[in-house]
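Asker: Note that the protein sequences, when read in sequence, are chains A and B. Under my numbering, think of the first position of the first sequence as 241, with each following residue one higher. Under my numbering, think of the first position of the second sequence as 68, with each following residue one higher. Idealized CB from N, CA, C, for every residue including glycine. Let me give you the structure first, and then I'll get to my questions.
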Amino acid sequence: MRKKKEKNIAGKISGFLDVPLDIVADVPRITINDNRELTVENYKSIEGYEPEEIRLRSKNYRIIISGRNLQIVAITDEEILVRGTICGVLLDLS
Amino acid sequence: MFLTRIFQYIRGYLVITVTGKYPERFFNVCAGRHILIWDLFPCSQTVFRCAVSNRGFRLLPSVVKKTGVQIKIVKKCGLPVVLKRLKKRKWFVAGLTVFFLLLIVLNQFIWKIELSGCETVSASRVQEALSECGLKVGAFRPFLDEKHLQNQMLIKIPELAWLWADKSGSKVTVQVKERVLKPEIFDKNAFCNIEANKDGVIDSMIVKSGIPMVALGDTVRKGDMLVSGLILSEKGVEPRKVQSEAEIYARVWYEKTKAFSLWNQVVNETGKKEKKYTLHLFGWNLNLFLHDESKFAEYTEEVKEHELSVFGRYLGLGFTNRVYSETVTSYEKMSEESMAQSGALEIEAMFDEEATANAKKKESRMSYTVLDEDTIEVTVIAEYIEDIAKKTYIE
């Protein structure tokens, strides 16, 4: 309940000030270039890594990247860069 | 990313395998401790392969202990590894150093001079003058002063209007621009008549000064006086001399007859080729063949020059590739009509050269006679309207 309230406040601030949401709130930012390159910022950890699927944990949900020959090209504490043939990105809120 | 890779290569890095029950945990901990890991790829469910910097590798033992994985070095990469390997091969490094030193030293000399723009002035004369001014094969490049060379060359060859010398590595490209000869300017105070410089029939006249001696439709021959600069008075006053000025356009006919063979030469390539290479090493040419002549009796030659240059700077090394393509000449008989047409075009091109630059072609007639079964004789009569005025001094 408290989490939801926090999120709503951050959302309202970002909407009011025209500031991107990922700056105000600690939410992940996913960028896809074509279907070959994907960057996730503000992730928490890697949950599972296979050439066909990468599961990442973020603050509120799980990010599931599916594709073929997926490779983690670079990994830092804030950002992860994935290359390969990306078929889909799923946000698992459960 | 590319710059990061270059930086990592310079610093040196290791390719390792991580084996364990939960290798993902190992990578999460590494990311948390700011240990840079890249090119991560799973070999199997429990084995991962990745690259880690030398500095990062030193921080790994505590991570390994915490996450319970095993790491194994697969490969050491980067500049420090290459340098370490080169330390053992001292003679190779020495040879490499000597090679680059020689290349740098030899690059300080001029090994090739390219000349362009010569039309009436002969290229050999310009080359001779260039070598007298200090620009020759083997000259020391830093001593070459382009401005001084330019001034010296323009003094030496007055026919040149401008000269550019462009240094690029061991090659100097010299471009020359020849002086356009000034037109003959008639002395303002001189007196002159106007004469015809060609046979023709007067078509139109614009006489600005002088007395016209011919009328429209008159037939004139070469050398006939068209406009007189001597104005005679009827009242006994002394005759007055003026400088005649006029534009006199006449109908001028050109006629030419030429014999043409009906057999047209056709050159076809057989597909056989022969290649010959010549190496260019710092001004010396080294032929990589024994015989200068091609083995084919009939051939076409194609020359391709390849130069070794770094960042557009010629290094004094290169090679020439000569490709000889064998050809076979065959003859095919053309129809009389088509040969006459092409022959007429050839003759008309001669007329265009003969006529003055501003002459206009009015009409052209072509006829041909068959001399024998292989030859025809083509006659072309063309009519041009052109200015036939030519000034001549009054003595």
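So, for B/V268: in the same chain, excluding its five sequence neighbours on each side, which residues have a beta-carbon less than 8 Å away from its beta-carbon?
Answerer: If you number the second sequence from 1, residue 268 of chain B lands on position 201. Closer than 8 Å at Cβ, skipping near neighbours: G284, D285, T286, V287, A317, R318.
Asker: How do the stretch 317-333 of chain B and the stretch 377-387 of chain B stand: do at least 3 beta-carbon pairs fall below 8 Å, yes or no?
Answerer: At 8 Å Cβ cutoff, the stretches do not touch.
Asker: Could you work out which residue in B/C200, B/K458, B/Q75, B/A206 is closest to B/H215 when comparing CA atoms only?
Answerer: By 1-based counting over the second sequence, the position of residue 215 of chain B is 148. Measuring from the Cα of B/H215, the nearest candidate turns out to be B/C200.
Asker: Which same chain residues, not among the five before or five after A/R295, have their C-beta less than 7 Å away from its C-beta?
Answerer: In the first sequence, residue 295 of chain A corresponds to position 55, counting from 1. Cβ within range, chain order: E287, G288, R302, I304.
Asker: Output needed in chain order: residues of the stretch 270-291 of chain A with a Cβ under 7 Å from some Cβ in chain B.
Answerer: The stretch 270-291 of chain A vs chain B, Cβ under 7 Å: S285, I286, E287, G288, Y289, E290, P291.
Asker: Pull the bridge partners of B/G87 from the DSSP assignment, please.
Answerer: Residue 87 of chain B sits at position 20 when you count from the first residue of the second sequence. Answer is none; B/G87 lacks a bridge partner.
Asker: Please list the partners that A/D332 has in chain B, where partner means a Cβ-to-Cβ separation under 9 Å.
Answerer: To locate residue 332 of chain A, count along the first sequence from 1; it is residue 92. Neighbours of A/D332 on chain B: none; closest Cβ ~16 Å, over 9 Å.
Asker: Could you give the uninterrupted runs of the alpha helix (DSSP H) lying entirely in the stretch 119-162 of chain B, keeping only those of 4 residues or more?
Answerer: Within the stretch 119-162 of chain B, the complete alpha helix (DSSP H) runs of at least 4 residues are 121-125, 127-134, 146-155.
Asker: Mind pulling the chain B residues with CB within less than 8 Å of A/I303?
Answerer: Against the first sequence, residue 303 of chain A aligns to sequence position 63. Those within 8 Å of A/I303 in chain B number zero; the least Cβ separation is about 14 Å.
Asker: Do we get a CB-CB distance below 9 Å when we pair B/G99 with the residues of chain A?
Answerer: Counted from its first residue, the second sequence places residue 99 of chain B at position 32. True, the Cβ-Cβ gap to chain A drops below 9 Å.
Asker: In whole angstroms, what is the alpha-carbon distance linking B/N260 and B/V304?
Answerer: Translated into positions along the second sequence, residue 260 of chain B becomes position 193. Translated into positions along the second sequence, residue 304 of chain B becomes position 237. Cα to Cα, the separation comes out at about 20 Å.
Asker: Sorted by chain position, which residues of the same chain lie with C-beta nearer than 8 Å to B/G205's C-beta, five sequence neighbours on each side aside?
Answerer: In the second sequence, counting from the first residue as 1, residue 205 of chain B sits at position 138. Once the five neighbours on either side are set aside, the close Cβ partners of B/G205 are F176, I177, W178, G350.
Asker: Taking all protein chains shown into account, do 16 or more other C-beta atoms lie within 10 angstroms of the C-beta of B/K265, making it buried, or fewer, making it exposed?
Answerer: Numbered from its first residue, the second sequence carries residue 265 of chain B at position 198. Buried.
Asker: Run the CB neighbour count on B/S300, radius 10 Å, all protein chains shown included, and call it buried at 16 or more, exposed below.
Answerer: If you number the second sequence from 1, residue 300 of chain B lands on position 233. Burial call: exposed.
Asker: With burial defined as no fewer than 16 other Cβ atoms inside 10 Å of the residue's Cβ, what is the status of B/P225: buried or exposed?
Answerer: What you label residue 225 of chain B is simply residue 158 of the second sequence in a count that begins at 1. It counts as exposed.
Asker: What residue range does the beta strand (DSSP E) around B/T71 cover?
Answerer: Against the second sequence, residue 71 of chain B aligns to sequence position 4. Per DSSP, B/T71 belongs to no beta strand (DSSP E); it is in the alpha helix (DSSP H), 69-78.
Asker: With a cut-off of 8 Å on the beta carbons, I'd call A/V322 and A/L331 a contact; round off their distance for me.
Answerer: Locating residue 322 of chain A in the first sequence gives position 82, where the first residue counts as 1. Locating residue 331 of chain A in the first sequence gives position 91, where the first residue counts as 1. Their Cβ separation, rounded to whole angstroms, is 15 Å, which puts A/V322 and A/L331 out of contact at 8 Å.
Asker: Give the residues from the stretch 314-332 of chain A that approach chain B closer than 7 Å (Cβ to any Cβ), ordered along the chain.
Answerer: Cβ contacts with chain B come from A314, I315, T316, D317.
Asker: Quick one: any contact between the stretch 403-413 of chain B and the stretch 364-373 of chain B, if contact means 3 or more CB pairs under 8 Å?
Answerer: With the cut-off at 8 Å, the stretch 403-413 of chain B and the stretch 364-373 of chain B do not touch.
Asker: Any idea which residues DSSP pairs B/W105 with across the strands?
Answerer: On the second sequence, position 38 is the one that residue 105 of chain B refers to. Answer by DSSP bridge pairing, in chain order: A/A314, B/A118.
Asker: Report the neighbours of A/I312 on chain B: residues whose CB is nearer than 7 Å to its CB, in chain order.
Answerer: Counted from its first residue, the first sequence places residue 312 of chain A at position 72. In chain order: L107.
Asker: Strictly below 8 Å CB to CB, what residues from chain A border B/N95?
Answerer: Here residue 95 of chain B refers to the residue found at position 28 of the second sequence. What B/N95 touches in chain A: S285, I286.
Asker: Does any residue of chain A bring its CB to less than 9 Å from the CB of B/L103?
Answerer: Residue mapping note: residue 103 of chain B aligns to position 36 of the second sequence, counting from 1. By this cut-off, B/L103 is an interface position.
Asker: Which one or two residues does DSSP pair with A/S285 in a beta bridge?
Answerer: Residue numbering aside, residue 285 of chain A sits at position 45 when the first sequence is read from its first letter. A/R297.
Asker: On the DSSP bridge list, what partners appear for A/D332?
Answerer: Your numbering for residue 332 of chain A matches position 92 in the first sequence. DSSP, once it has assigned bridges, lists A/R302 as partnering A/D332.
Asker: Go ahead and pull the three-state DSSP assignment for B/K223.
Answerer: For this step, residue 223 of chain B is matched to residue 156 along the second sequence. Residue state, collapsed to three classes: helix.
Asker: For B/E91, which residues in chain A fall below 8 Å Cβ to Cβ?
Answerer: Numbered from 1 along the second sequence, position 24 holds the residue referred to as residue 91 of chain B. Going along chain A in sequence order, the residues near B/E91 (Cβ under 8 Å) are S285, I286, E287, G288, Y289.
Asker: Which same chain residues end up closer than 7 Å to B/D454 when comparing Cβ atoms and leaving out the 5 residues on each side of it in sequence?
Answerer: Counting from 1 along the second sequence, the entry for residue 454 of chain B is found at position 387. Counting only Cβ-Cβ distances below 7 Å, and skipping sequence neighbours, we find E314, I315, Y316, T423, N425.
Asker: Using the three-state DSSP reduction, which class does B/M401 fall into: helix, strand or coil?
Answerer: Numbered from its first residue, the second sequence carries residue 401 of chain B at position 334. Coil, per DSSP.
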